[in-house]
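What follows is a short report on a single structure.
Number of protein chains: 2
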Amino acid sequence: MNLPTALTLVEPLDRQTLGARAYAQLADLLISGRLAPGEKLSLRTAAEVLGVSIMPVREAVSRLVADKALEVAANRTVRVPVMSATQFRDLTKVRIAIEGHAAAEAARLRSDRNLASIATAEAAMRAESEVRTPDLPRAVELNKTFHFAVYEAAQSPILVEIIRALWLKAGPVINLDLRGNPDRLAKGEAIRFHADARKAIETGDADAAKTAIAADITSAANFILSRGGLTA
Amino acid sequence: MNLPTALTLVEPLDRQTLGARAYAQLADLLISGRLAPGEKLSLRTAAEVLGVSIMPVREAVSRLVADKALEVAANRTVRVPVMSATQFRDLTKVRIAIEGHAAAEAARLRSDRNLASIATAEAAMRAESEVRTPDLPRAVELNKTFHFAVYEAAQSPILVEIIRALWLKAGPVINLDLRGNPDRLAKGEAIRFHADARKAIETGDADAAKTAIAADITSAANFILSRGGLTA
DNA sequence: TGCCGTGATCTGTGATCACAGTTAGACTTG
DNA sequence: CAAGTCTAACTGTGATCACAGATCACGGCA
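Residue numbers (the numbering used here), protein chains in the order written: chain A, 5 to 236; chain B, 5 to 236.
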């Protein structure tokens, strides 16, 4: 098909469904820890806030329930799951295995573009941690950006998707605390582990990359567990 | 609350929503390969078949779309994704990493009950493969039972759930072929790898368990790739 | 013969309504 | 004052309707 030259410029306008946008918004709330474990979520009020009918919200919520990022209780109320310490430890173990594996693959397969985005993300987070009064929600966001820059470098869309689902579960537990507590960021552990991971990926050292990411996850998990907010 | 003794026997009747049941049915169709890649699925006709309105089907489908076990094309038709050979290789790599890890964990953490169910499942599949004209759909089902008996032994609900999602994607590609082609079953590779995996888990040899499962997955994937039914 | 408009019939998406079940609070009753 | 009861306002679930967009076959025109 040969087009008028003017039409070669137009690109297909992205027709996102309302349901998809509702999902993106809710997922972002969860992953960044702005929804607390146990918090209830009404379809109707959520719909009103988003300015749509409840249908798109229903689709978004049913997806998140499938991901176990939300749950519907027996009383038919939707809420963010409350995680027991046991469940949290299981989640952490799985994250170490899978995200560690992704980091190792990233060290093997990373492209130059990957290296650039990883370096940029690491620098941005380091910069934020060095100011006198860091913007904690922003630091949480930058942390996510760095990690996913690493995981993208593994060149495996399926792996990235799995990790995203894990973060959806971990977000409310981890980032809720981190958004309000400057201690861990101030301690600088995360910054150090990120630097280690970046260097390992740059030099192609898969084992070191895995170790650095595993240490970062472990460190954050221990911080959460030590705060003792989780049920037995 | 103290109850009349007679009431201690009653268990809460499971109030599954129609949506959940529709999801279970569709997921089973996918995982066992009874839905072919590229096959279209109409919400309305599916609803009619299941004897419900389209609402429960919509919920089920939106979940499966979130899992990427189904996809909605730009033309707004729902279908089973067609996987390129590249995507299939990625999926296989991820499966080897994650299911291999699960098998290794199973070798470490398995309980006696796990060992029993693994042994039972392995024997059932071996028996089926040894009859003159094996029931292939049944063999596919038994294969799944064995694998998940292994993964359950890793004592990690989250890991099992991730693997289930992977099988949802792989089912249409792998099991569609296996349901109709006796070659691979007759070759007896799967039976051998299963036996290796069982022994390794029984003796607590994590590395051997991982190797056996990885070999089983690789072997099946190579069989599919060699048949050349996937797009470039 | 080949091409393009056109209309009937599909598709999923979104809104709205109906319903059963739960919950919390005011009220009554002992 | 305490316990039970009833009502009103929620909850998610399911069904139904309305709609825009896609598809395809048919028919007219060049």
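We treat Cβ as the ideally placed atom computed from N, Cα and C, and that holds for glycine.
Keep in mind that this is a model prediction, so the values were computed, not measured.
- Excluding sequence positions up to five before and after residue 128(B), its CB lies within less than 6 Å of the CB of 146, all in the same chain and listed in chain order.
- DSSP places residue 132(A) inside the alpha helix (DSSP H), whose first and last residues are 116–134.
- Counting along the chain, residue 91(B) sits inside the alpha helix (DSSP H) bounded by residues 89–113.
- A distance of 8 Å or more separates the beta carbons of residue 189(B) and residue 218(B).
- Take the alpha-carbon of residue 96(A) and the one of residue 175(B): they are about 28 Å apart.
- Judged by DSSP in its simplified three-state form, residue 34(B) adopts helix.
- Residue 43(B) and residue 56(B) have their C-alpha atoms some 21 Å from each other.
- Of all residues in the region 57–68 of chain B, those with a C-beta nearer than 7 Å to a C-beta of chain A are 63, 66, 67, reading in chain order.
- Taken in chain order, the unbroken stretches of alpha helix (DSSP H) that lie wholly in the region 136–184 of chain A and span 4 residues or more are 140–156, 161–184.
- Residue environment analysis places residue 211(B) among the exposed positions, since fewer than 16 neighbouring C-beta atoms fall within 10 angstroms of its C-beta.
- Here the region 149–164 of chain B makes no contact with the region 60–72 of chain B; the two share fewer than three CB pairs at distances below 8 Å.
- The three-state reading of DSSP puts residue 76(B) in strand, counting E and B together.
- At a cut-off of 8 Å between C-beta atoms, residue 177(A) does not count as an interface residue with respect to chain B.
- The Cβ atoms of residue 204(B) and residue 213(B) lie closer than 8 Å to each other.
- DSSP, read as helix, strand or coil, puts residue 83(B) in strand.
- For residue 88(A) and residue 93(B), the gap between their C-alpha atoms comes out near 36 Å.
- Of all residues in the region 98–118 of chain A, only 98, 101, 102, 105 come within less than 8 Å of chain B when Cβ atoms are compared, listed by chain position.
- The alpha-carbon of residue 118(B) is positioned some 20 Å away from that of residue 220(B).
- With contacts defined as CB atoms closer than 8 Å, residue 82(A) and residue 65(A) qualify as a contacting pair.
- In the displayed model, residue 235(B) falls within a strand according to three-state DSSP.
- Residue 197(B) has its alpha-carbon roughly 48 Å from the corresponding atom of residue 183(A).
- Under the 10 Å beta carbon count, residue 192(B) is surrounded by fewer than 16 other beta carbons and is classified as exposed.
- Taken through DSSP and simplified to helix, strand or coil, residue 39(A) comes out as coil.
- For residue 66(B), the uninterrupted alpha helix (DSSP H) segment begins and ends at 58–70.
- Annotation for residue 157(B): 110, 114, 118 place their beta carbon closer than 6 Å to its own, counting only its chain and skipping 5 residues before and after.
- In the DSSP assignment, residue 48(B) falls within the unbroken alpha helix (DSSP H) covering 47–54.
- Around the beta-carbon of residue 104(A), 16 or more other beta-carbon atoms lie within 10 Å, marking it buried.
- Residue contact with chain A for residue 47(B): absent (no Cβ-Cβ distance below 8 Å to any residue of chain A).
- By the neighbour-count criterion, in which a residue is buried when 16 or more other Cβ atoms sit within 10 angstroms of its Cβ, residue 216(B) is buried.
- CA-to-CA, the gap between residue 48(B) and residue 60(B) works out to about 11 Å.
- Residue pairing by DSSP places residue 44(B) opposite 83(B) in a beta bridge.
- Taking 9 Å as the Cβ-Cβ cut-off, the region 128–161 of chain A approaches chain B at 159, 160, 161, given in chain order.
- Judged by DSSP in its simplified three-state form, residue 208(B) adopts coil rather than helix or strand.
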